[in-house]
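Per the working numbering, residue 683 is the first one in the sequence shown, and the count goes up by one each step. Ideal placement from N, C-alpha and C gives every residue a C-beta, glycine not left out.
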Amino acid sequence: TRGVEGSGATLLNLEVKRFEPQGVTVLALLAESHASLHTYPEVGALFFDAFTCGPCDPETILAAVVAALGPTEVERRVMRRGGLR
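Right, dumping it as structure tokens:
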């Protein structure tokens with residue numbers, strides 16, 4: 683939640699689902715849309731998505747995830763919504 687707060691987004695709800703024997707999915711419902719995180723420990727992967735609008739900064743959310751988890755490698759793709767800024 684630190685990244686969401688720092689981004690300027692408004693957190694409406696946070697859902698966390700832990701899977702057995704491993705893995706987690708986190709969904710942050712934002713007033714500005716959503717952010718999600720899905721882990722796949724069996725292959726050493728994590729996928730993060732932030733779909734936002736308005737003045738919030740999804741890069742701040744990503745930076746907090748990276749800082750908290752300390753991955754050895756980060757592949758980042760930014761996709762801008764067509765016609766919206």
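What residue from 756, 741, 751, 709 has the CA that sits closest to residue 688's CA?
When each option's Cα is compared against that of residue 688, the closest is 741.
DSSP state of residue 755 mapped onto helix, strand, coil:
Assigned with DSSP and collapsed to three states, residue 755 falls in coil, not helix or strand.
So what does DSSP say about residue 760, is it helix, strand or coil?
Correct three-state label for residue 760: coil.
So what does DSSP say about residue 683, is it helix, strand or coil?
Residue 683: coil per DSSP, three-state reduction.
Less than 7 Å between C-beta atoms, sequence neighbours within five positions excluded: which residues of the same chain meet that for residue 694?
Same-chain partners within the cutoff: 711, 712, 713.
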